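I have placed the structure first, in the form of structure tokens, so that the comments after it can refer back to it.
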Amino acid sequence: MSSLMFMMLITFMISLLLMLLYTMVSFSSPCESYEKKTPFECGFDPMSSMRSSMSTRFFLLLVLFLIFDIEISLLFPFFNIMMLKNTTLILMSLILFLLLLFLGLLVEWSQEVLEWV
């Protein structure tokens, strides 16, 4: 018998032995309630309606966070480029970029999107 077939046979026998051992050791108590056997997904009933009420303000805050987080991550290359190239042009573009970020924040604040935060 080849060594590959021998290893496959050993693996199959070990898995059968483990399955047999599991069925012998595991037990289900007859007094378990229905609640313990139902799936639990973050406090929601999986059999209920899939349309759950979600706060649109929370969703808008999430989108704003993603937008500002991506914009801030775009700031990191500015500092590396400033070491290599013309610093005045890069500094002016950095100031313009930060001004646009600040104006976006002011617009969101004026529309009272961040009122409840």
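Quick note on numbering: the sequence shown equals residues -28 to -1, 1 to 89 in mature numbering (1 follows the signal peptide of the UniProt record, and there is no 0). Here a beta-carbon is modelled for each residue, glycine too, at the ideal position from N, C-alpha and C. Values in this document were obtained by computation on a predicted structure and should not be read as measured data.
Query                                                                                                                                     : Result
Taking Met54 as the reference, give the member of Ile67, Ile42 and Glu43 with the closest Cα.                                             : Ile67
In chain order, what are the residue ranges of uninterrupted alpha helix (DSSP H) at least 4 long that sit wholly in the region 28 to 82? : 28 to 45, 48 to 56 and 59 to 82
Start and end of the alpha helix (DSSP H) containing Ser(-14)?                                                                            : Ser(-26) to Val(-4)
Which residue from Met(-16), Glu80, Met(-24) and Leu(-25) puts its Cα closest to that of Leu33?                                           : Glu80
Taking the alpha-carbon positions, what's the Met(-5) to Ser(-14) distance?                                                               : 14 Å
In terms of alpha-carbon separation, which member of Leu75, Phe50 and Leu56 lies closest to Leu63?                                        : Phe50
Inspect the beta-carbon positions of Phe40 and Leu73 and report whether they are closer than 9 Å.                                         : yes
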